[in-house]
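When you line the sequence shown up against my numbering, it's residues 224 to 612, in that order.
Where is the CB? At the ideal position from N, CA and C, for every residue including glycine.
The structure under discussion appears below in the form of structure tokens.
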Amino acid sequence: MTTIDRRGQDEAAPPAWVAYRPGPWLALIAAPVLLVAPLVAGLATGDWARCGFVLLLGAVFGAAVRLASGSPRRPTATTELLFLALLLCCTGYLVLWPDGEAVLFPLLAVAASVAIRRRFAMGVVGAVSVSGALAVGFGSASLETAVLVGFAAFAGGAGNYLVQYYVALARELDRTRERLAVAAVADERLRFSRDLHDLIGHSLSVIAVKSEAARRLMPTRPDAAAEHVAEIEAIAREALGEVRAVVAGSRSVSLAEELVRARRALEDAGVETRVVPADRALPITIDAMLGWVVREGATNVLRHAAARRCTIALTVGGREVRAEIADDGAPDGTAGLASEAAGPDAAAGTGLDGLRERIESVGGTLTAEPMARGFRLRAVVPLPAEERT
224 MTTIDRRGQD EAAPPAWVAY RPGPWLALIA APVLLVAPLV AGLATGDWAR
274 CGFVLLLGAV FGAAVRLASG SPRRPTATTE LLFLALLLCC TGYLVLWPDG
324 EAVLFPLLAV AASVAIRRRF AMGVVGAVSV SGALAVGFGS ASLETAVLVG
374 FAAFAGGAGN YLVQYYVALA RELDRTRERL AVAAVADERL RFSRDLHDLI
424 GHSLSVIAVK SEAARRLMPT RPDAAAEHVA EIEAIAREAL GEVRAVVAGS
474 RSVSLAEELV RARRALEDAG VETRVVPADR ALPITIDAML GWVVREGATN
524 VLRHAAARRC TIALTVGGRE VRAEIADDGA PDGTAGLASE AAGPDAAAGT
574 GLDGLRERIE SVGGTLTAEP MARGFRLRAV VPLPAEERT
């Protein structure tokens, strides 16, 4: 991975505070803030039972929040039972000391936002807030106090719930970003392997044909052999440039260039070649896609077919473009397939498999099949809607 890639990932990473799960921490901070008033009241009056009850409330609250913030971080039946226990404790406290209602309902709302499962949490927070407002209203007959307690309970519970929600969302976005980064790297590796295979495979096949021709001509026609050697050097240099372009990601394929190269390579190998080009210009993406088809088809003829004749034909229909490479090699109709399966191109992502993936990525189809005499490779690629007739 490059420095730019790492920098981009660092910039896309969520804030560091997300890793600390602020929702439960905020809930734990809220507990002593809310319970300090009844605890001080108990200490001031020497009511040790009240102090003990307040500490019990804090312990149950802390246990529920701590379990809910464990790994995996989600409320469970245990945390919900602890919330129920906290609710019962608060009810008992209010029966014994009714003046504590103003702080206990916000405490319950905050606990609900952490300890109750997400799809029910806000409903419980709302119910606790309404209950608190009603309890205070009936107890003190003060509308302002009732509204204040209800609002405080709802604000505390809903605020903590939203903090947890956005933290979970940030984590999910971070995981998605990581998955997309991995997928992008895999796609780039696949593109590189396909392009490298198609480029090097074709060039090496042509070099092999010309090397054999040069070897045969050397004793009787050294000048012709020297021409083949010069062409081998040119092909090797061209292949090196193409490999560099693949590494840089700037490699482009032209159908017209591939047709010329295929004809030249096949005829140099002694294969009589007939080329039928498309009768009109094609979109750039389809032109490049069919260029890969022609290159792979010609390479397979050179490698496997032992053919004497080959036809490369492109037909543009109303809704699709068809490319067909047919040869008269392999009289039993099996050499092409057998060689493709048994040779080094059998690995997924290279050879016909890689070409098929290219074609299918744009909604097309690729078929490779034996004929009565020879082998045929056919690719059908749909035209864009604006190009159809």
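With a threshold of 16 other beta carbon atoms within 10 Å, residue 407 falls short and is exposed.
Rounded to the nearest angstrom, the gap between the Cα atoms of residue 351 and residue 299 is 20 angstroms. No Cβ-Cβ contact shorter than 8 angstroms links residue 492 with residue 452. Between residue 542 and residue 611 a beta carbon distance of about 5 angstroms is seen, short of the 8 angstroms cut, so the two are scored as contacting.
Three or more beta-carbon pairs separated by less than 8 angstroms are not found between the segment 375-384 and the segment 394-401, which leaves the two stretches without contact. Distance from residue 344 to residue 384 at the Cβ level is roughly 6 angstroms; contact confirmed, criterion being Cβ atoms closer than 8 angstroms. Cβ-Cβ distances below 7 angstroms link residue 441 to 448 in the same chain, with the five nearest sequence neighbours on each side left out; the list follows chain order. Selection 464, 552, 457 and 579 evaluated against residue 517 yields 579 as nearest (Cα-Cα). Three or more Cβ pairs closer than 8 angstroms define a contact, and the segment 498-507 meets that threshold against the segment 474-489.
One Cα belongs to residue 397, the other to residue 288, and the distance between them is close to 25 angstroms. Between residue 374 and residue 335 the beta-carbon gap is near 16 angstroms, outside 8 angstroms, which marks them as no contact. Distance from the CA of residue 325 to the CA of residue 405, rounded to the nearest whole angstrom, comes to 52 angstroms.
Bridge pairing for residue 549: 534 and 599 [DSSP]. Check the Cα spacing between residue 602 and each of 262, 425, 596 and 584: the tightest is with 584.
Membership of residue 301 in any beta strand (DSSP E) is not indicated; the residue belongs instead to the alpha helix (DSSP H) covering 300-319. Residue 310 has its alpha-carbon roughly 15 angstroms from the corresponding atom of residue 320.
For residue 591, the secondary structure class from DSSP, reduced to helix, strand or coil, is strand. About 15 angstroms separates the CB atoms of residue 303 and residue 332; that is not less than 8 angstroms, and the two are not in contact.
Shown here, residue 497 sits in a strand according to DSSP, grouped into three states. Using a Cβ distance threshold of 8 angstroms, residue 524 and residue 575 do not count as a contacting pair.
Boundaries of the alpha helix (DSSP H) around residue 581: 574-583. In the structure shown, residue 370 falls within a helical segment according to DSSP collapsed to helix, strand and coil. In the three-state scheme derived from DSSP, where H, G and I count as helix and E and B as strand, residue 445 is classed as helix. With 16 or more other Cβ atoms inside 10 Å of its own Cβ, residue 261 counts as buried. In this structure, DSSP gives residue 605 an extended state, which the three-state scheme calls strand. When rounded, the separation of the alpha-carbon atoms in residue 506 and residue 589 is 19 angstroms. Under the three-state reduction of DSSP, residue 390 is assigned to helix.
The alpha carbon of residue 313 has as its nearest neighbour, out of 341, 290, 301 and 284, the alpha carbon of 284. Across the set 484, 577, 427 and 348, the C-alpha of 577 shows the shortest separation from the C-alpha of residue 416. With a threshold of 16 other beta carbon atoms within 10 Å, residue 268 falls short and is exposed. Exposed is the label assigned to residue 366, since fewer than 16 other Cβ atoms lie within 10 Å of its Cβ. Shown here, residue 544 sits in a strand according to DSSP, grouped into three states. Residue 514: member of the alpha helix (DSSP H) spanning 507-523, first to last residue. Around the CB of residue 271, fewer than 16 other CB atoms lie within 10 Å, so the residue is classed as exposed. In the three-state reduction of the DSSP assignment, residue 539 falls in the strand class, which pools E and B. DSSP places residue 483 in the uninterrupted alpha helix (DSSP H) bounded by 478-491.
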